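Engineer: What follows is a single structure, and I will ask about it in a moment.
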Amino acid sequence: MRFLIRFLLMALVGYLFGSYAPQWSLWPIFVGGILIGVLLSRQKKKRQFGKRKMPRTYAFWAGFAAMFLLWGGMAYWLDQQNGGILSAKVGQIVFASSSLGTSSDIGTIMVLISSLLGGLAGGFSMMTGNFLGEAIKS
Amino acid sequence: MRWLKFILGLSLTVTLAVTLMYPLDIAPFALGKFLDPFSGFWQNARIQTASEIAIEGLTTSADVTYDERGVAHIFAQNDRDLYFLQGYTTAKDRLWQMEFQVMAAAGRLTEIVGRGPEDAVLNLDRTNRRKGLPFAAERALELMRQDEVTWTAISSYSDGVNAYIQSLKPYDYPIEYKILGYAPEPWSPFKSALLQKYMANTLTGGTSDIENTNALAVWGKEVFDILYPEYPVAQEPIVPKYTRFRRRDFNRPPPPPLDYYPDSLFLNAGETEPKDPDEAILGSNNWAVSGRKSATGYPMLANDPHLGLNLPSIWYEIQLSTPDVNAYGVSLPGAPAIIIGFNDSISWGATNGTQDVLDYYTITFRNEQAQEYLYDGEWLPVRNRIETHKIKGEAPFLDTVRYTHIGPVMYDENFKPKPMPLAVRWMAHEPSNELLAFHRLNRAHNYEEYVAAFETYLCPAQNFVFASTSGDIAIWQHGQFVNKWNQQGRFVLDGSRKDHMWGEYIPREQIPHVLNPDQGFVQSANQHPTSPYYPYYYNGRFEPYRGRRIQALLASKDTLTFEDMRAFHMDNFAIGASEVLPTLLSLLDTTQFMQQDQKVYEVLKAWDYQYDADQIAPTIYDIWWRILYRAIWNDEFEPLAERDILINSPNSSTTVQILRDSSEFTFYNELGDTTKRTREQLVNYTFNRMVTELNEAYPEEVDQQWGQSRQTDIRHLSRVLTSFSRLGLETSGTRRVLNATGRYRGPSWRMIVMMGPEVKGYGVYPGGQSGHPGDADYDGFIDKWMEGNYYELRFMRNPQDGAKEADARITYRPTETEE
Chain A
23 MRFLIRFLLM ALVGYLFGSY APQWSLWPIF VGGILIGVLL SRQKKKRQFG KRKMPRTYAF
83 WAGFAAMFLL WGGMAYWLDQ QNGGILSAKV GQIVFASSSL GTSSDIGTIM VLISSLLGGL
143 AGGFSMMTGN FLGEAIKS
Chain B
11 MRWLKFILGL SLTVTLAVTL MYPLDIAPFA LGKFLDPFSG FWQNARIQTA SEIAIEGLTT
71 SADVTYDERG VAHIFAQNDR DLYFLQGYTT AKDRLWQMEF QVMAAAGRLT EIVGRGPEDA
131 VLNLDRTNRR KGLPFAAERA LELMRQDEVT WTAISSYSDG VNAYIQSLKP YDYPIEYKIL
191 GYAPEPWSPF KSALLQKYMA NTLTGGTSDI ENTNALAVWG KEVFDILYPE YPVAQEPIVP
251 KYTRFRRRDF NRPPPPPLDY YPDSLFLNAG ETEPKDPDEA ILGSNNWAVS GRKSATGYPM
311 LANDPHLGLN LPSIWYEIQL STPDVNAYGV SLPGAPAIII GFNDSISWGA TNGTQDVLDY
371 YTITFRNEQA QEYLYDGEWL PVRNRIETHK IKGEAPFLDT VRYTHIGPVM YDENFKPKPM
431 PLAVRWMAHE PSNELLAFHR LNRAHNYEEY VAAFETYLCP AQNFVFASTS GDIAIWQHGQ
491 FVNKWNQQGR FVLDGSRKDH MWGEYIPREQ IPHVLNPDQG FVQSANQHPT SPYYPYYYNG
551 RFEPYRGRRI QALLASKDTL TFEDMRAFHM DNFAIGASEV LPTLLSLLDT TQFMQQDQKV
611 YEVLKAWDYQ YDADQIAPTI YDIWWRILYR AIWNDEFEPL AERDILINSP NSSTTVQILR
671 DSSEFTFYNE LGDTTKRTRE QLVNYTFNRM VTELNEAYPE EVDQQWGQSR QTDIRHLSRV
731 LTSFSRLGLE TSGTRRVLNA TGRYRGPSWR MIVMMGPEVK GYGVYPGGQS GHPGDADYDG
791 FIDKWMEGNY YELRFMRNPQ DGAKEADARI TYRPTETEE
């Protein structure tokens, strides 16, 4: 449940800021991810030694999955709109000096790279928020 | 412990944030921002649709219909709105290109890309500023401000571009801005003036004054005249040979009394590579056929201006319509009006005039401070203009340019120093209003209005061909020319002498032109505008072959059709090869031939001198010609280049002439070799070397077709974003044939207009209307262009005229203002 709430909140922040304040790019993700992480961190009960129900990695994966899917989905949707022409050309520029640059799937690779970057930003920020929450509440 | 984890996590997150949100060393953009699908490059893949847009600045509603090829047909109610929407529409498709070209003209590229490897970009910027491009644009703007019609056009255009820029959020910026990491600036009328000077520089910014001066000093007058003849033996000038021009009260000035050639000046431009004089040849053709010679009974007009081929294309197709004008054609992104095109009554096209209108003058400074210079026995003060070059990521670079009454001192101790400082006098520096000429031309109905339109047109001089439905055909080399003394401006001039200055201008009715000649057609192809009997002196880098070819083709038939026009555009016949190859082959010693020699010989012997993409002979001939050319000239010219002496080896048409006519010639000999080498020995020797080269490259059989061996690259304007380019196109043609297609240059717009009660236009250019690399329209015309086919141009009478399903119409209306 907590995973789902984290996931949905992260995706919502990403979508709203992306749509209405795109110029801030990833900053709302970093800040928002940390805040969500703090808010939804679990207060540690001192007696429950070695029985953590919500390990920090879950926080990471919730943020990661939310942003991975949001950015991946958005990039994929835009890519479909112009038949992958642009992603192929940009991919060739980004990977000009590697063999990837000539790959026919370079457009898909660009979608995956975007997803991954979004995912990392979401994941790391929420993990950090969770650590902070745990540290404060302990 | 928990705090430690938090601190570790935070530092990881901060590192990630910094890595993603700020540009790294490897790229000018921030990775995270660039790949962000909400604001980065992905947004450039978005399809935008709107059928009604409100914009501030329009006076009344106007329609723009985009046809199935993405050409905008603008229907406005007045000139103000027309040019406003031309600016808006052009910016929508070509914003990055418009700005980049103008940044180049302004000498501001360092702001975008830095100083470049070995200061290459900074030096290019300094060259353009020291040559006075911004200075010239400022002067032109001042003049244009004084004319109400011009100012309405240029300021409305600018307002339109700015209305578009203001509608953009950073995530809407064209992708090049995102990759190079900068943002568009507001447009201004000054930038349109700069574009005008950018074109003047492309078309008239070159000169051979320094090279000629050096060549004269190295070889002496006698040899110089053989190597660089002023007028080729065979020629078909633009104005038919026996046209009379002389006017009793206006004469060519006498040359100055003393020897006027600067002597022993080994001027080094800081460029050490030997220059192939053919390399820079652009080459354009145009012609008009009278109704008498045309299958339709009405005149036909054809034009194919050849320029450097880039993506986005130099041309932007557009239709401009108000109740007072309806014109269709190509425009330059960044300037109002149509440059080449047609309207209901007339059509027009342009080729470069190619006359030398840029001259260098030596400057004698009084002392090291270089604040006073000698002129006519007096010391005159210079005016200092400080050019500030902002450089990306660095402190600005300041450059002081001294201005004399002649013009800016381009080369001095601070920039590519020469033995003497050189000032530049250039027609493009004259205050002029070319824009008004195009505005009036778009609205002209007949020959008289066509001629009158060019009253304010000075530079770059172009051969403007003309045809009207009412039956007139004509050609004028519109532009302003100086009445020079014989050889004036062919060599570096002396800036301290009054008699070396530019004198009067040639009266307008005396510049080369012809109306309705007996032959039933007019033509131009960058050749000499007149025969040597023209009363005034001029020089330039003229093209000897294409004019002859088009003259012969147009004269070959009594009646010409659209299909003929099309075939002439794609004509690949090489006069040069046809003139010299039979001689070369006849000199070969065929008794010594091996199998491979025989094969090569037979391919060449069977060749029809056509540079078709699928022929093998041109591949072979091109290699042989290169070896032959170098065997003749390089032994003499390379040592000069090594000594930093800027000099041109003779061009290929002169080389053809010499090879055909002279069996013995000093330059055939290898330098330092005392035994004389005859033409026969030279030809056999180079043939053998060619076969050896071919054997190495093609051990089995020479099977590489011309299209594969030459190839054409249409490069993205940035040169570096190769996936935005179209490279390795297998095209027909070569320089000095009508279809003058080279590696980086070629026909930039092919147009045929059939005059008549209903004017019909056909055209194609190697690119696409959209300047956005992600759009299907970005390079969609290239295949058609390569085939030598055209699109039928939709010359619409109203926004719904001949409506097709693929059309998209946008109604622009003014924003409601509070009364």
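Residue numbers (the numbering used here), protein chains in the order written: chain A, 23 to 160; chain B, 11 to 829. The beta-carbon is built from N, C-alpha and C at its ideal position, and this holds for glycine as well. If you're wondering where the values come from, they're calculated on a predicted model, not measured in any experiment.
1) Excluding the five sequence neighbours on either side, which residues of its own chain have a C-beta within less than 7 Å of the C-beta of residue 786 of chain B, listed in chain order?
2) Spatial neighbours of residue 31 of chain B within its chain, please: CB distance less than 6 Å, with the 5 preceding and 5 following residues excluded, ordered by chain position.
3) Around the Cβ of residue 343 of chain B, are there at least 16 other Cβ atoms within 10 angstroms (buried) or fewer (exposed)?
4) How about residue 249 of chain B and residue 542 of chain B: do their beta carbons lie closer than 7 Å?
5) Whole angstroms are fine: how far does the CA of residue 737 of chain B sit from the CA of residue 110 of chain A?
6) Hey, out of A:62, A:126, A:113, whose CA is closest to residue 30 of chain A's CA?
7) Closer than 7 Å, CB to CB, is residue 283 of chain B near chain A or not?
8) Checking contacts by CB at 7 Å: is residue 83 of chain A closer than that to chain B?
9) So the candidates are B:758, B:164, B:807, B:17; which of them puts its Cα closest to the Cα of residue 443 of chain B?
10) Identify the residues that DSSP records as bridge partners of residue 394 of chain B: which are they?
11) Following a CB-centred definition, is residue 35 of chain A positioned closer than 6 Å to any heavy atom of the ligand PLP?
12) Could you check the C-alpha separation between residue 646 of chain B and residue 604 of chain B for me, to the nearest Å?
13) Would you check if there are 3 or more beta carbon pairs closer than 8 Å linking the region 93 to 112 of chain B to the region 61 to 80 of chain B?
14) For residue 775 of chain B versus residue 325 of chain B, is the C-beta spacing smaller than 7 Å?
15) Does the region 18 to 27 of chain B come close enough to the region 112 to 119 of chain A that 3 or more CB-CB pairs lie under 8 Å?
16) With a threshold of 7 Å between beta carbons, is residue 181 of chain B in contact with chain A?
17) Kindly indicate which three-state DSSP category residue 649 of chain B falls into: helix, strand or coil?
18) Any C-beta of chain D within less than 8 Å: which residues of the region 715 to 729 of chain B qualify?
19) Mind checking residue 28 of chain B: buried by the 16 CB within 10 Å criterion, or exposed?
20) Hey, residue 81 of chain A and residue 148 of chain A are a contact pair by Cβ (cut 8 Å); roughly how many whole angstroms apart?
21) Taking Cβ positions only, does residue 52 of chain A come closer than 7 Å to chain B?
22) If you draw a straight line from the C-alpha of residue 73 of chain B to the C-alpha of residue 60 of chain B, how long is it?
23) Pull out every residue of the region 126 to 143 of chain A whose Cβ sits closer than 7 Å to any Cβ of chain B, in chain order.
24) Bridge partners for residue 434 of chain B per DSSP, in chain order?
25) Within 7 Å of any Cβ in chain B, is that where the Cβ of residue 157 of chain A sits?
26) Starting from the beta carbon of residue 32 of chain A, find every residue of chain B whose beta carbon is closer than 8 Å, and list them in chain order.
27) Tell me whether residue 57 of chain A sits in a helix, a strand or coil according to DSSP, three-state version.
28) Anything in chain B within Cβ reach of residue 96 of chain A, meaning under 8 Å, just list it in chain order.
29) Starting from residue 100 of chain A, find everything on chain B with Cβ-Cβ shorter than 8 Å and list it in chain order.
30) Between residue 298 of chain B and residue 562 of chain B, is the Cβ-Cβ spacing less than 7 Å?
31) On the DSSP letters alone, give me the boundaries of the alpha helix (DSSP H) that residue 131 of chain A sits inside.
32) Are any of the Cβ atoms in chain A nearer than 7 Å to that of residue 743 of chain B?
33) Identify whether residue 723 of chain B lies in helix, strand or coil by the three-state DSSP scheme.
34) Going by the beta-carbon positions, is the gap between residue 242 of chain B and residue 554 of chain B smaller than 7 Å?
35) Helix, strand or coil, according to DSSP, for residue 492 of chain B in the structure here?
36) Against chain A, which members of the region 761 to 788 of chain B pass a CB distance test of less than 9 Å?
Structural biologist: This is what the structure gives:
1) One-based indexing of the second sequence puts residue 786 of chain B at position 776. Cβ neighbours of residue 786 of chain B beyond the five flanking positions: none.
2) Translated into positions along the second sequence, residue 31 of chain B becomes position 21. Residues of the same chain with a CB within less than 6 Å of the CB of residue 31 of chain B, apart from the 5 flanking positions on each side, are 40, 42 in chain order.
3) Taking the first residue of the second sequence as 1, we reach residue 343 of chain B at position 333. It counts as buried.
4) Counting from one through the second sequence, the residue named residue 249 of chain B turns up at place 239. Counting from one through the second sequence, the residue named residue 542 of chain B turns up at place 532. Cβ distance not < 7 Å, so residue 249 of chain B and residue 542 of chain B don't count as in contact.
5) Position 88 of the first sequence, counted from the start, is the residue given in the question as residue 110 of chain A. Position 727 of the second sequence, counted from the start, is the residue given in the question as residue 737 of chain B. Note on geometry: alpha-carbon atoms of residue 110 of chain A and residue 737 of chain B lie some 16 Å from one another.
6) For the purposes of this step, residue 30 of chain A is taken as the residue at position 8 of the first sequence. The residue with the shortest Cα to Cα distance from residue 30 of chain A is A:62.
7) The residue given as residue 283 of chain B occupies position 273 in the second sequence. Any reading at residue 283 of chain B must be qualified, since the residue scores a pLDDT of 45, below 50, and its modelled position is unreliable; no value is offered.
8) In the first sequence, counting from the first residue as 1, residue 83 of chain A sits at position 61. Cβ-Cβ to chain B under 7 Å: no for residue 83 of chain A.
9) By one-based count along the second sequence, residue 443 of chain B stands at place 433. Distance from the Cα of residue 443 of chain B is smallest, within the candidate group B:758, B:164, B:807, B:17, for B:164.
10) In the second sequence, residue 394 of chain B corresponds to position 384, counting from 1. Beta-bridge pairing links residue 394 of chain B to B:412.
11) Questions concerning the ligand PLP fall outside what the structure shown contains, since it holds no ligand whatsoever.
12) Taking the first residue of the second sequence as 1, we reach residue 646 of chain B at position 636. Taking the first residue of the second sequence as 1, we reach residue 604 of chain B at position 594. Residue 646 of chain B and residue 604 of chain B: Cα-Cα distance of roughly 32 Å.
13) Three or more pairs of CB atoms, one per stretch, sit closer than 8 Å, so the region 93 to 112 of chain B contacts the region 61 to 80 of chain B.
14) For the purposes of this step, residue 775 of chain B is taken as residue 765 along the second sequence, with counting starting at 1. For the purposes of this step, residue 325 of chain B is taken as residue 315 along the second sequence, with counting starting at 1. Pairing residue 775 of chain B with residue 325 of chain B gives a Cβ-Cβ distance under 7 Å.
15) Of all C-beta pairs linking the region 112 to 119 of chain A to the region 18 to 27 of chain B, fewer than three are shorter than 8 Å, placing the two stretches out of contact.
16) Here the question's residue 181 of chain B lines up with position 171 in the second sequence. Between residue 181 of chain B and chain A, the shortest Cβ-Cβ separation is below 7 Å.
17) Taking the first residue of the second sequence as position 1, residue 649 of chain B is located at position 639. If DSSP states are grouped into helix, strand and coil, residue 649 of chain B belongs with the helices.
18) Absent here is chain D; the protein component of the structure consists of chains A and B.
19) The sequence position of residue 28 of chain B within the second sequence is 18, counting from 1. Result: exposed.
20) In the first sequence, counting from the first residue as 1, residue 81 of chain A sits at position 59. In the first sequence, counting from the first residue as 1, residue 148 of chain A sits at position 126. About 5 Å; that satisfies the 8 Å criterion.
21) Along the first sequence, one-based indexing puts residue 52 of chain A at 30. So, interface residue.
22) As a first step, residue 73 of chain B must be located in the second sequence, where it is residue number 63. As a first step, residue 60 of chain B must be located in the second sequence, where it is residue number 50. Rounded to the nearest angstrom, the two C-alpha atoms are 13 Å apart.
23) Correct list: 135, 136, 139, 142, 143.
24) In the second sequence, the residue the question calls residue 434 of chain B occupies position 424. In the DSSP output, where bridge partners are listed per residue, residue 434 of chain B has B:370.
25) Within the first sequence, numbered from 1, the residue matching residue 157 of chain A stands at position 135. Cβ-Cβ to chain B under 7 Å: yes for residue 157 of chain A.
26) The sequence position of residue 32 of chain A within the first sequence is 10, counting from 1. Going along chain B, no residue has its Cβ under 8 Å from residue 32 of chain A, so there is no contact; the nearest lies around 14 Å.
27) Sequence index remark: in the first sequence, residue 57 of chain A carries index 35 (1-based). The DSSP-derived three-state label of residue 57 of chain A is helix.
28) Working through the first sequence from its first residue, we reach residue 96 of chain A at position 74. Going along chain B in sequence order, the residues near residue 96 of chain A (Cβ under 8 Å) are 47, 48, 52.
29) Residue numbering aside, residue 100 of chain A sits at position 78 when the first sequence is read from its first letter. Chain B residues near residue 100 of chain A: 47, 52, 53, 55, 56.
30) Here residue 298 of chain B refers to the residue found at position 288 of the second sequence. Here residue 562 of chain B refers to the residue found at position 552 of the second sequence. Cβ distance not < 7 Å, so residue 298 of chain B and residue 562 of chain B don't count as in contact.
31) Working through the first sequence from its first residue, we reach residue 131 of chain A at position 109. Membership of residue 131 of chain A in the alpha helix (DSSP H) is indicated by the continuous run 128 to 159.
32) Along the second sequence, read from residue 1 onward, the residue named residue 743 of chain B stands at position 733. With respect to chain A, the C-beta atom of residue 743 of chain B has no partner C-beta closer than 7 Å.
33) Position 713 of the second sequence, counted from the first residue, corresponds to residue 723 of chain B. In this structure, residue 723 of chain B counts as strand in the three-state DSSP scheme.
34) In the second sequence, the residue the question calls residue 242 of chain B occupies position 232. In the second sequence, the residue the question calls residue 554 of chain B occupies position 544. Contact: yes.
35) Numbered from 1 along the second sequence, position 482 holds the residue referred to as residue 492 of chain B. Correct three-state label for residue 492 of chain B: strand.
36) Taken in chain order, the members of the region 761 to 788 of chain B whose beta-carbon sits within less than 9 Å of a beta-carbon on chain A are 782, 783, 784, 785, 786, 788.
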